[in-house]
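Below is one structure, written out as structure tokens, with a few remarks after it.
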Amino acid sequence: MLTQEIYFMPARRLGELIRTGQLSPVELTQGYLERARTIGKRLNAFVTLTADLALRQAAQAEAEIKAGNYRGPLHGVPYAVKDLVTVKGYPTTWGAVPYAHQSFDYDATVIERMNAAGAVLLGKAAMIELAGGLGYSSGEASLTGPARNPWNPECWTCGSSSGSGAIVAAGLAPWALGSDTRGSILCPSSWCGVSGLRPSFGRVSRYGSMAIAYSMDKLGPMARTAEDCALVLSVIAGHDPLDHDSIPSDAAPFVYQDTEPDSGAPLRIGRLMNVYSESDPEAEKAVDQACKVFESAGATVERCEFPDGPFEEAAELTILMEAASAFEHLIQSGDCNTLVDPVGRVNGYASEQFSAPDYLHVQRVRPMLQRLADGMFDRYSVLISATEPTAAQPLLAKDPDEDQATKGARKFRMDRRAPDGVSSLCGLPAINVPCGFSQKHMPFGMQIMGRALQDAVVLRAARIYQSKTDWHLQHPSL
Amino acid sequence: MQTQATPEVPELLSRRVFSRHAMVAASLGLLPLNPIAEQTHAAHGLDNSSVLGDKPEDLSASEWEEVRTRYANVLRIYGARLSPEQKQRIVRILTENEHMLSSIRAFIVQNGDPSACTLRVDASK
């Protein structure tokens, strides 16, 4: 029987134990599946377990490695995938009632790449319905019910990669694939206390994945460590002619070795000071402490401010407008009324009212905002801030905006420079790394954001930080 | 840790200051309401005392008129499907969308400003 600590080991370490014959991938897979059926069920972490596939892949990996046919560091290592990624022969529900029985007869490109690497797919991770593509107002908005935070099941995981966050935090898999259109990897990584990378736009093929916003959707890993994120990215990154927005092969390829902590010049880090109108002082303090860690590692750190601009508005509008097209049939057929969330049921009707000039105006402002953001990286290697202004919130907490709106007292407000909005809109790579705990012992996360296509710089900064701290190695008692 | 002031906004953007557009938005607010839209509202029985409520203070008259027009269009297409609560929610969503559009429209774009919607010609097979 495996010890609990095995289940919380990074993928890199598990891969080493498997390669050297100290750990059986079959035994490891069986252990993870058992945890998924028990702990995972309590957390609403999975939609579907692919147990037969997983055990078949694990047995194959074990046999291949014994025969000397080692494929690489993920060979025999289990993982989970958000249920918006197609896996041949299994349901792909998009987390939503109207698609509860949907399946496809092909594998998404990322699944093909993981298959080639010899990885073991445990199951499909729960998610917010349609990844929030038609909006949502609470963590309840999911086909499988609310995903519960392993650090405190009365708190939410954040979304939309809610199951992926719960799975990694609870030791139900060493890593899981998430998707991020505007913060859907970063927020659950922050609230669940895991490392989550949202790669540069176009870095990872989305072929075979549900679309929300064609110009903003990204896939990326959520894992125990930044090193694991780099490892997974090295497998799933690369041009795919089946994805219209895939980065060409000759454009700044991702090189894993460039993420090594001692692989480049000292980092110049900008600590963003003006991105939230309100935030938990303890979360800010955790990031300030992280600055000291970076300085002790030889980096220079400066406080700085992000230039003003409607980043968040442009991100939200782009998503609303593109989602109205992506889910056109669902809206026009009226099937959107079967969604769980009251916002998701009607939001598409409002989004259909945007005009073509509205959309084009946003898309013509967008390059200006991209240049504004890019200008920050003339001075800094990376920018850091709290990933979210607070730690995880209670699952049943009502959206305060909803109450105010009902009373007619709502004033429009938006953190227009929120870092996940900025990086999402501009297609910039960003990672969340755990950086401390709240007084209620819920994780705080720090976002490290880099210039477009400089995923390796972001990962290197994260690896430097994690080489000096152990926040990422702490896990909840389950 | 050193402190660095906000980097200067690139020259390209300096001509697109928000104050300039604020003037444009303010003048738009003086324009008369769209008579065609008024007829549409009447046809659907809409007035400020029903679901729409009063104009939010932070929207101009023309922006509120756009909300009203778009709401009327939602009712024209989907009204039969919607409960009173859903209609109220749609008004709130349209109002919020209008706020976001207002922020974006504060950036004046010129004819030659490129769009993020581009066609990438691909000669590969």
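Chains R and B supply the protein sequences, listed in that same order. Using my numbering, read the first sequence as starting at 2 and increasing by one per residue. Using my numbering, read the second sequence as starting at 18 and increasing by one per residue. Yeah, the Cβ is synthetic: ideal placement off N, Cα and C, and Gly gets one too.
Buried or exposed by the 16-neighbour rule on C-beta atoms within 10 Å, applied to residue i
i: alanine 142 of chain R; result: buried
i: histidine 476 of chain R; result: buried
i: glutamate 228 of chain R; result: buried
i: glutamine 480 of chain R; result: A question about residue 480 of chain R goes unanswered here, because the residues of chain R that appear run from 2 up to 479.
i: histidine 76 of chain R; result: buried
i: proline 147 of chain R; result: buried
i: arginine 43 of chain R; result: exposed
i: glutamate 317 of chain R; result: buried
i: histidine 245 of chain R; result: exposed
i: cysteine 134 of chain B; result: exposed
i: glycine 129 of chain B; result: exposed
i: valine 138 of chain B; result: exposed
i: lysine 469 of chain R; result: exposed
i: glutamine 354 of chain R; result: buried
i: asparagine 70 of chain R; result: exposed
i: aspartate 106 of chain R; result: exposed
i: proline 79 of chain R; result: buried
i: glycine 409 of chain R; result: Here the model assigns glycine 409 of chain R a pLDDT of 45, short of 50, so the residue's position is not dependable and the matter cannot be decided.
i: leucine 340 of chain R; result: buried
is_contact[residue i, chain B] using C-beta, thresh 7 Å
i: proline 368 of chain R; result: yes
i: arginine 464 of chain R; result: no
i: valine 363 of chain R; result: yes
i: alanine 351 of chain R; result: yes
i: valine 48 of chain R; result: no
i: leucine 318 of chain R; result: yes
i: glutamine 354 of chain R; result: yes
i: asparagine 433 of chain R; result: no
i: glycine 16 of chain R; result: no
i: glycine 335 of chain R; result: yes
i: glutamate 329 of chain R; result: no
i: valine 276 of chain R; result: no
i: proline 358 of chain R; result: no
i: proline 254 of chain R; result: no
i: glutamate 141 of chain R; result: no
i: proline 92 of chain R; result: no
i: alanine 406 of chain R; result: Model confidence at alanine 406 of chain R stands at a pLDDT of 48, short of 50, so the residue's coordinates are unreliable; what they give is reported in the following sentence. By this cut-off, alanine 406 of chain R is an interface position.
i: proline 311 of chain R; result: yes
i: glutamate 314 of chain R; result: yes
Minimum Cβ-Cβ distance from residue i to chain R less than 7 Å
i: alanine 133 of chain B; result: yes
i: arginine 85 of chain B; result: no
i: serine 120 of chain B; result: yes
i: valine 126 of chain B; result: yes
i: arginine 98 of chain B; result: yes
i: arginine 93 of chain B; result: no
i: leucine 111 of chain B; result: yes
CA nearest to the CA of residue i, picked from the options
i: isoleucine 186 of chain R; options: R:Leu75, R:Ile432, R:Val256, R:Ala291; result: R:Ile432
i: arginine 461 of chain R; options: R:Asp421, R:Ala60, R:Pro267; result: R:Pro267
i: tryptophan 472 of chain R; options: R:Pro311, R:Trp95, R:Leu384, R:His442; result: R:His442
i: alanine 351 of chain R; options: B:Gly70, B:Ile121, B:Thr86, B:Ser77; result: B:Thr86
i: glycine 335 of chain R; options: B:Ile94, B:Glu74, B:Glu113; result: B:Ile94
i: leucine 1 of chain R; options: B:Glu83, B:Pro131, B:Glu102, B:Ile107; result: Here chain R has residues from 2 to 479 only, and residue 1 of chain R is not among them.
i: proline 222 of chain R; options: R:Pro420, R:Ala12, R:Thr470; result: R:Ala12
i: glycine 437 of chain R; options: R:Pro249, R:Gly422, R:Val195; result: R:Val195
i: glutamate 389 of chain R; options: R:Asp251, R:Gly265, R:Val288; result: R:Val288
i: valine 383 of chain R; options: R:Arg272, R:Met322, R:Pro358; result: R:Arg272
i: alanine 64 of chain R; options: R:Arg149, R:Val27, R:Pro242, R:His102; result: R:Val27
i: arginine 36 of chain R; options: R:Leu15, R:Glu283, R:Gly119, R:Phe9; result: R:Phe9
i: leucine 427 of chain R; options: R:Ile320, R:Gly446, R:Ala453; result: For the record, residue 427 of chain R in the displayed sequence is cysteine; it is not leucine. Here the closest residue by C-alpha is R:Ala453.
i: glycine 172 of chain R; options: R:Thr260, R:Gln5, R:Ala327; result: R:Gln5
i: aspartate 218 of chain R; options: R:Gly422, R:Gly451, R:Ala46; result: R:Gly422
i: cysteine 159 of chain R; options: R:Asp456, R:Ala463, R:Gly446, R:Met450; result: R:Gly446
i: valine 98 of chain R; options: R:Cys193, R:Pro262, R:Gly345, R:Asp281; result: R:Gly345
Any non-hydrogen atom of the ligand FMN closer than 6 Å to residue i Cβ
i: isoleucine 465 of chain R; result: Inclusion of the ligand FMN in the displayed structure is not the case, the ligand content being empty and no account of it being possible.
Under 9 Å from the C-beta of residue i: neighbouring residues of chain C
i: arginine 346 of chain R; result: The question asks about chain C, but that chain is absent: this structure's protein chains are R and B.
Next on the checklist: Does the contact criterion of 3 or more C-beta pairs under 8 Å hold for the stretch 8 to 22 of chain R versus the stretch 133 to 147 of chain R?
Outcome noted: no
Next on the checklist: Measuring CB atoms only, is the stretch 43 to 55 of chain R touching the stretch 206 to 214 of chain R, in the sense that at least three cross pairs come out at less than 8 Å?
Outcome noted: no
Checklist entry - Do the stretch 271 to 287 of chain R and the stretch 249 to 261 of chain R meet, that is, are 3 or more Cβ pairs less than 8 Å apart? => result no
Next on the checklist: Check whether the stretch 111 to 129 of chain R and the stretch 83 to 91 of chain R touch, using three or more Cβ-Cβ pairs below 8 Å as the test.
Outcome noted: yes
Checklist entry - How about the stretch 160 to 169 of chain R and the stretch 200 to 209 of chain R: do they share at least three Cβ pairs that are nearer than 8 Å? => result no
Next on the checklist: Going residue by residue through the stretch 212 to 266 of chain R, where are the continuous beta strand (DSSP E) segments of at least 3 residues, counting only ones entirely within it?
Outcome noted: 219 to 224
Next on the checklist: Counting beta carbon pairs with one atom in the stretch 115 to 122 of chain B and one in the stretch 74 to 89 of chain B, are three or more of them shorter than 8 Å?
Outcome noted: yes
Checklist entry - In the stretch 129 to 192 of chain R, which residue ranges form an unbroken beta strand (DSSP E) of at least 3 residues, counting only runs that do not cross its ends? => result 153 to 157, 176 to 181
Next on the checklist: Contact between the stretch 356 to 369 of chain R and the stretch 110 to 121 of chain R is defined here as three or more beta-carbon pairs at a separation below 8 Å; is this criterion met?
Outcome noted: no
Next on the checklist: Quick check on the DSSP output: what are the complete beta strand (DSSP E) runs of length 3 or more inside the stretch 87 to 131 of chain R, in order along the chain?
Outcome noted: 121 to 126
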